[in-house]
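Colleague: Numbering (our numbering), first residue to last: 995 to 1421.
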Amino acid sequence: MHDEDIQTMNRPAVAAGGSTALPAPAPADAAPKWLGPVLVVGIVLAALNLRPAITSLGALFEEARTGLHMSGTVAGLITSVPALCFAVFGVTAPRLSRRFGPAAVVCAGMAAVATGLLIRPFTGNAAGFLAASALSLAGIALTNVLLPVIVKRYFPDRVGTMTGLYSMALAAGTSLAAAATVPLTSALGGSWRTGLLIWAVLAVAAVLPWLPIATAGRREKAAAPAAAAAGPSVVRSRTAWALACYFGLQATGAYVTMGWLPQIFRDAGVSASTAGVLLAVTMVMGVPLAFVIPGLAGRMRNQGPIAVVLGLFGFAGYLGLYLAPAAGAWAWALLLGISNCAFPLVITMIGLRAKSPAGVVKLSAFAQSTGYLISIPGPLVIGTLYQHSGGWDLPLALMAALLVPQIALGLLAGRDRTIEDECGMGD
995 MHDEDIQTMN RPAVAAGGST ALPAPAPADA APKWLGPVLV VGIVLAALNL
1045 RPAITSLGAL FEEARTGLHM SGTVAGLITS VPALCFAVFG VTAPRLSRRF
1095 GPAAVVCAGM AAVATGLLIR PFTGNAAGFL AASALSLAGI ALTNVLLPVI
1145 VKRYFPDRVG TMTGLYSMAL AAGTSLAAAA TVPLTSALGG SWRTGLLIWA
1195 VLAVAAVLPW LPIATAGRRE KAAAPAAAAA GPSVVRSRTA WALACYFGLQ
1245 ATGAYVTMGW LPQIFRDAGV SASTAGVLLA VTMVMGVPLA FVIPGLAGRM
1295 RNQGPIAVVL GLFGFAGYLG LYLAPAAGAW AWALLLGISN CAFPLVITMI
1345 GLRAKSPAGV VKLSAFAQST GYLISIPGPL VIGTLYQHSG GWDLPLALMA
1395 ALLVPQIALG LLAGRDRTIE DECGMGD
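1) Which residue marks the beginning of the alpha helix (DSSP H) containing V1281, and which one marks its end?
2) Mind checking whether A1040 and I1207 have CB atoms under 8 Å apart?
3) Using a Cβ-Cβ cutoff of less than 8 Å, which residues in the same chain neighbour A1220 once the five nearest sequence positions on both sides are dropped?
4) Using the Cα positions of T1179 and P1288, report the straight-line distance between them to the nearest angstrom.
5) Could you tell me whether the stretch 1352 to 1359 touches the stretch 1068 to 1083, using the rule of 3 or more Cβ pairs below 8 Å?
6) Leaving out five residues before and five after I1113 in sequence, what residues of the same chain have Cβ atoms less than 6 Å from its Cβ?
7) Tell me which residues share the same chain as V1278 and place their Cβ nearer than 6 Å to its Cβ, disregarding the 5 neighbours each side in the sequence.
8) Does the stretch 1293 to 1302 come close enough to the stretch 1397 to 1410 to have 3 or more Cβ pairs within less than 8 Å?
9) With DSSP as the reference, label W1204 as helix, strand or coil.
10) Is the beta carbon of Y1312 sitting closer than 8 Å to the one on M1252?
11) What would DSSP say about Q1297, mapped onto helix, strand or coil?
12) Counting C-beta neighbours from all protein chains within 10 Å, is the total for V1250 16 or more, i.e. buried, or is it exposed?
13) Can you grab the Cα-Cα spacing for the pair L1124 / R1347, in whole Å?
14) On the three-state DSSP scale, how would you describe T1246?
15) Scan the stretch 1165 to 1211 and note each continuous alpha helix (DSSP H) run of 4 residues or more that stays entirely inside, going in chain order.
16) Using CA atoms only, rank isn't needed, just tell me which of F1285, A1291, A1248 and V1075 is closest to L1273.
17) Under 7 Å Cβ to Cβ from V1198, same chain only, skipping five residues before and after it: list those, please.
18) Does the separation of the CB atoms of G1133 and A1106 fall below 8 Å?
19) Are P1088 and R1187 closer than 8 Å when you measure CB to CB?
20) For S1068, which residues of its own chain have a beta-carbon under 7 Å away from its beta-carbon, when the five flanking residues on both sides are left out?
21) Using 10 angstroms around the beta-carbon of A973, count the other beta-carbons present and answer buried if the total reaches 16, otherwise exposed.
22) Is the stretch 1140 to 1147 in contact with the stretch 1047 to 1056, if contact means three or more CB pairs nearer than 8 Å?
23) Is DSSP giving S1265 helix, strand or coil here?
24) Taking the alpha carbon of T1412 as the point to measure from, which residue in R1295, W1193, W1204 and V1286 has its own alpha carbon closest?
25) When you compare only the Cα positions, how much space is there between G1263 and A1135?
26) Per DSSP, what kind of secondary structure is I1370 in: helix, strand or coil?
27) For L1117, tell me which candidate among R1059, P1371, M1104 and Y1160 has the shortest Cα-Cα distance.
28) Quick one: grab the DSSP three-state call for P1319.
29) Can you have a look at V1228 and say buried or exposed, based on whether 16 or more other CB atoms are within 10 angstroms of its CB?
30) Check whether the stretch 1149 to 1160 touches the stretch 1254 to 1268, taking contact to mean three or more Cβ pairs, one atom from each stretch, closer than 8 Å.
31) If you drop the 5 nearest sequence neighbours on each side, which residues of the same chain put their C-beta closer than 7 Å to that of L1078?
32) Measuring alpha carbon to alpha carbon, tell me which of I1192, L1029, L1182 and C1239 ends up nearest N1043.
33) Check whether the Cβ atoms of F1337 and Q1244 sit closer than 8 Å, and answer yes or no.
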């Protein structure tokens, strides 16, 4: 972290259109010099922990299901719980943030992730396993919403760069847990409980930097309590609705890809092991692009063209799966990996479409909670169409069709305006 990064923390945020945002809630001398570097470490570690609770279980789900004697209904419930928890618990983030400060809530969220991951492997039945998983997912939901707020608050001139950094860490954590869980489990004796417990270590490590950050944040809040404004009413903003629906459609595409892409390849004659590698390729594409896209988006006044390009990559990927799924498998995996980078784009736009941290927290909670609710039926609908049609032509046509409104919503959400302007709040 350079000196200018630390100095940035004490400057007012500048919105996408160039207007000055609300001042930082604490005086300049309230931010200690160590806070900037520790924040970067904390943000990266938190982002690394936003998906391993899900993807590590996916890698060992059959073993966990057998070991806990789960019924098919309970197993289906567990697979749908992440998006539901993200929606339900994400809504509480603005109120908690106003009361305790965003850093304290992120710290508590990381503690919840760690606690859930520590408890989950030792549960003896499906109900306990589900409860421990829900605890971790609640912590993830709060952190999902508040990391863009932390970025906007402490790095207002580097929203794109910092969003790229934590988006890259999130993608890396997702891929690492998916790829490394099974080999690590085998190396440590083969128990699925041990394989899931491994990821609690990473979560505990993420709590540590947030303890001093939360303490500093509470001091700032105490120094300027009046700055904890409620923010604009986001439901009155067309941009907020466009962001929420864009978030929901991109999440639908991502969940369908993660859940069904290997099966699409296997049905086309690709071996099971190769199908797994192809999914890993799709997910790994998000690591470098998750850093590049937010940085690019942060330098643009209108991010709509990026949404269009990502959507066109998705069209090409689905068309390829429709016409020649096995022959061009590696190309389609790459194209869909690029298309799925709509996630770091929409997270960046959340930081750019509000002027103040109070606005960002409400916009982030609204867009993510509404978006995750929209995404819940997607994988189920695709699975039903696959089962009843006997093939992938109809499901792939639906996924391609959903890219049309996704692109249109990306164009609306990418326009150079803020929710405060739309709600008549000005600066």
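Every residue, glycine too, gets a C-beta built ideally from N, C-alpha and C.
Here the structure is a predicted model, which is why all the values come from computation and not from measurement.
Modeller: Let's see:
1) Start at 1 with the first residue of the sequence shown, and residue 1281 comes out as number 287. Counting along the chain, the alpha helix (DSSP H) containing V1281 begins and ends at G1280 to G1292.
2) Along the sequence shown, read from residue 1 onward, the residue named residue 1040 stands at position 46. Along the sequence shown, read from residue 1 onward, the residue named residue 1207 stands at position 213. When the beta-carbon positions are compared, A1040 and I1207 stay at least 8 Å from each other.
3) Residue mapping note: residue 1220 aligns to position 226 of the sequence shown, counting from 1. Confidence at A1220 is low in this model, with a pLDDT of 44, below 50, so its placement is unreliable and the value that follows should be read with caution. The beta carbon of A1220 is closer than 8 Å to none in its chain, skipping five residues each way along the sequence.
4) The residue given as residue 1179 occupies position 185 in the sequence shown. The residue given as residue 1288 occupies position 294 in the sequence shown. Looking at the two C-alpha atoms, the distance is approximately 35 Å.
5) no
6) Walking along the sequence shown from the start, residue 1113 turns up at place 119. These residues qualify, in order along the chain: A1126.
7) Residue mapping note: residue 1278 aligns to position 284 of the sequence shown, counting from 1. Counting only Cβ-Cβ distances below 6 Å, and skipping sequence neighbours, we find S1169.
8) yes
9) Position 210 of the sequence shown, counting from 1, holds the residue named residue 1204. When DSSP states are grouped into helix, strand and coil, W1204 belongs to the helix group.
10) Within the sequence shown, residue 1312 is the residue found at index 318, counting from 1. Within the sequence shown, residue 1252 is the residue found at index 258, counting from 1. It is not a contact, given that the beta carbons lie outside the stated cut-off.
11) The residue you call residue 1297 lines up with position 303 of the sequence shown. The answer is coil: DSSP assigns Q1297 none of H, G, I, E or B.
12) The residue labelled residue 1250 in the question sits at position 256 within the sequence shown. Classification for V1250: buried.
13) Within the sequence shown, the letter at position 130 stands for residue 1124. Within the sequence shown, the letter at position 353 stands for residue 1347. Looking at the two C-alpha atoms, the distance is approximately 36 Å.
14) Counted from its first residue, the sequence shown places residue 1246 at position 252. Here T1246 sits in helix by DSSP.
15) none
16) The residue you call residue 1273 lines up with position 279 of the sequence shown. For L1273, the nearest C-alpha among the options comes from A1248.
17) Reading the sequence shown from its first residue, position 204 is the one you call residue 1198. Hits under 7 Å: A1108.
18) Sequence index remark: in the sequence shown, residue 1133 carries index 139 (1-based). Sequence index remark: in the sequence shown, residue 1106 carries index 112 (1-based). Closer than 8 Å, so yes.
19) For this step, residue 1088 is matched to residue 94 along the sequence shown. For this step, residue 1187 is matched to residue 193 along the sequence shown. No Cβ-Cβ contact shorter than 8 Å links P1088 with R1187.
20) For the purposes of this step, residue 1068 is identified with residue 74 of the sequence shown, where counting begins at 1. The question names Ser, but residue 1068 in the sequence shown is Val. Contacts found: A1120.
21) This structure cannot settle anything about residue 973, because the visible part of the chain is limited to 995 through 1421.
22) no
23) Taking the first residue of the sequence shown as position 1, residue 1265 is located at position 271. The answer is coil: DSSP assigns S1265 none of H, G, I, E or B.
24) Taking the sequence shown and counting its residues from 1, the one referred to as residue 1412 is at position 418. It is R1295.
25) Within the sequence shown, the letter at position 269 stands for residue 1263. Within the sequence shown, the letter at position 141 stands for residue 1135. Between G1263 and A1135, the C-alpha separation is close to 38 Å.
26) Within the sequence shown, the letter at position 376 stands for residue 1370. The answer is coil: DSSP assigns I1370 none of H, G, I, E or B.
27) As a first step, residue 1117 is located in the sequence shown; it is residue number 123 there, counting from the start. According to the sequence provided, residue 1117 is Thr. The question's Leu does not apply to it. Closest option to T1117, Cα to Cα, is R1059.
28) Mapped onto the sequence shown, residue 1319 falls at position 325. Three-state DSSP puts P1319 in coil, outside helix and strand.
29) Here residue 1228 refers to the residue found at position 234 when the sequence shown is read from its first residue. Buried, by the Cβ-count rule.
30) no
31) Along the sequence shown, read from residue 1 onward, the residue named residue 1078 stands at position 84. Contacts found: I1370.
32) As a working note, residue 1043 is residue 49 in the sequence shown. Minimum Cα distance to N1043 is reached at I1192.
33) Here residue 1337 corresponds to residue number 343 of the sequence shown, with the count starting at 1. Here residue 1244 corresponds to residue number 250 of the sequence shown, with the count starting at 1. Yes, they are a contact pair.
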